[in-house]
Each structure stands twice: as C-alpha cells, then as structure tokens.
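Participant: Under our numbering, the residue at position 142 of the sequence shown is numbered 228, and the numbers go up by one with no gaps.
I'd like to ask you about the structure that follows.
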Amino acid sequence: MTHTKFTAGDLASLFNWSLIRLHELACADELPIVVSESFRPFSHQDQFSYSDALMVEVARQMHDDGGISILAASKLVLNAGIGAPREDGADHWIAIVRYRNTWGDSNPRGSIPVTEIGHDEYWSSSHFAGSLGEVTSAITAEIGRSAKEHPGSDPARIFLANVSTADRRLRNRAAALGLKIASLG
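Right under this line is the structure:
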C-alpha cells in the first residue's frame with residue numbers, strides 16, 4: 087500500500103523517536119507541523135502527509151550534530167517551505183538569509199519584536215529555493231539589492247538545507263519500515 091497519510095506512530099518510527107518524544111516536541115511547537123487541540127499521538131487518529139514528514143526531516147537535518155535548535159530549524163523550514171521536487175533531477179535546496187536591521191522611518195521601533203541583539207536592532211528574512219546554483223546566485227543578487235535599498239540592513243546569517251537529501255534519507259527509512267511513499271510531484 088502506498089502511504090499518502092501517516093499516523094503519529096508512523097512519524098515517530100520514521101524519526102526513531104518514541105511517541106512520547108514526538109508528542110513533547112509537537113506540544114512545545116518545536117516541529118513544523120500543525121498541531122491541533124485534538125493532537126493525540128497515542129490514539130493514532132491524527133494524519134500527517136509526507137510533506138509534513140519531510141519538513142520535520144529537513145528541520146532535523148539542520149538541527150542534528152551541533153546544528154541549530156530544532157525549534158529554530160522548524161521555524162526556518164516552515165517559513166521557507168520545502169517546495170516541489172525538481173524536474174531536472176538536480177537536488178532541491180532551500181535557503182534563508184537573516185538580516186540585522188536598524189530601526190528607521192520605514193520600520194518604527196516596536197513594529198517588529200525586539201530580540202537579545204538589543205533595542206536598536208531587529209531581524210528580517212529572505213527565503214530562496216531551487217538548485218544550489220540558483221539559490222546562491224539569488225542570494226548574491228538579493229544581498230546586493232538590499233545593500234543599495236536598505237543601507238541599515240546587513241546580512242548576518244545564511245541557512246542552507248538540501249531538501250533532496252532529507253527526502254532520500256526519509257524514503258530509505260520508510261522503505262526499511264515497510265512504508266511505501268507516494269510521489270511528491
């Protein structure tokens with residue numbers, strides 16, 4: 087049987103997590119999946135798509151082995167999205183550029199939440215998707231454009247994630263568990 091929907095138990099197995107761990111992360115809003123009030127992983131009633139599972143896997147890929155927190159990775163993946171597989175066979179990448187900005191006329195103080203950076207600055211983001219070459223070219227162009235249009239904005243962090251790698255690894259684990267995955271395309 088080809089799976090188009092997964093239970094919380096399926097997700098936990100795919101990620102080598104217990105249902106308790108999955109529930110803890112979901113209830114703490116640390117996963118890029120929508121958690122309804124009725125989310126009860128022990129009941130196996132909630133259904134998740136393969137895209138949901140892939141978003142979690144991309145966040146795990148950014149988090150594991152000394153990466154960023156699962157919560158931060160989840161937010162980045164949720165905002166950037168995972169997109170559709172590429173028709174040309176190239177790996178599909180997502181990227182997020184985070185800018186440090188100084189308050190000004192276009193963004194008066196208090197219009198965006200303040201972080202630990204301080205009360206004089208705030209963060210903004212740009213998101214990209216495509217092949218690695220497309221993404222890096224778009225980032226380079228965006229940084230140049232932003233420098234001209236927003237002199238009080240500086241690129242501070244760039245996050246790259248290979249969605250295709252996460253997809254291949256997740257499909258391999260699913261196959262090992264006897265779960266056949268429907269195509270994303």
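All residues carry an ideal CB built from backbone N, CA and C; glycine is no exception.
Predicted model only: the values in this text are computed from it and were never measured.
(1) With three or more C-beta pairs closer than 8 Å as the rule, is the stretch 173-181 touching the stretch 214-224?
(2) Please work out which residues of its chain come closer than 6 Å, Cβ to Cβ, to VAL142, disregarding the five sequence neighbours upstream and downstream, and give them in chain order.
(3) Quick one: what's ALA247 bridged to in DSSP?
(4) Spell out the partners DSSP gives TRP209 in its beta bridges.
(5) Return helix, strand or coil for ILE168, following the three-state DSSP convention.
(6) Could you spell out where the alpha helix (DSSP H) holding GLU220 opens and where it closes?
(7) For the alpha helix (DSSP H) that ILE106 lies in, which residues bound it at each end?
(8) Put ASP240 into one of helix, strand or coil per three-state DSSP.
(9) Can you tell me the Cα-Cα spacing of HIS236 and PHE245, whole angstroms?
(10) Could you give the distance in angstroms between the alpha-carbon of ILE229 and the alpha-carbon of TYR208?
(11) For ARG146, tell me which candidate among ALA252, ILE267, THR226 has the shortest Cα-Cα distance.
(12) Take SER250 and list the residues in its own chain whose beta-carbon comes closer than 6 Å to its own, dropping the five residues that flank it on each side.
(13) Where DSSP assigns a beta bridge to LYS161, which residues make up the other side?
(14) Going by CA-CA distance only, name the one from ARG259, THR188, ALA268 that's closest to ALA242.
(15) Taking C-beta to C-beta, are SER217 and ARG257 nearer than 8 Å?
Facilitator: Based on what the coordinates show:
(1) Contact between the stretch 214-224 and the stretch 173-181 is present: three or more C-beta pairs spanning the two stretches fall below 8 Å.
(2) Taking C-beta separations shorter than 6 Å and ignoring five residues to either side along the sequence, the partners of VAL142 in its chain run LEU117, following chain order.
(3) For ALA247, DSSP records a beta bridge to ILE180.
(4) According to DSSP, TRP209 bridges with ARG186.
(5) In the three-state reduction of the DSSP assignment, ILE168 falls in the coil class.
(6) Counting along the chain, the alpha helix (DSSP H) containing GLU220 begins and ends at 218-235.
(7) From DSSP, the alpha helix (DSSP H) with ILE106 extends over 105-113.
(8) In this structure, ASP240 counts as strand in the three-state DSSP scheme.
(9) Straight through space, the alpha carbons of PHE245 and HIS236 are spaced by roughly 21 Å.
(10) Each residue's Cα considered, the two are about 17 Å apart.
(11) Closest option to ARG146, Cα to Cα, is ALA252.
(12) Only ASP177, HIS178 meet the Cβ criterion.
(13) DSSP, once it has assigned bridges, lists no residue as partnering LYS161.
(14) The shortest C-alpha separation from ALA242 is found at THR188.
(15) Result no, Cβ atoms of SER217 and ARG257 do not sit closer than 8 Å.
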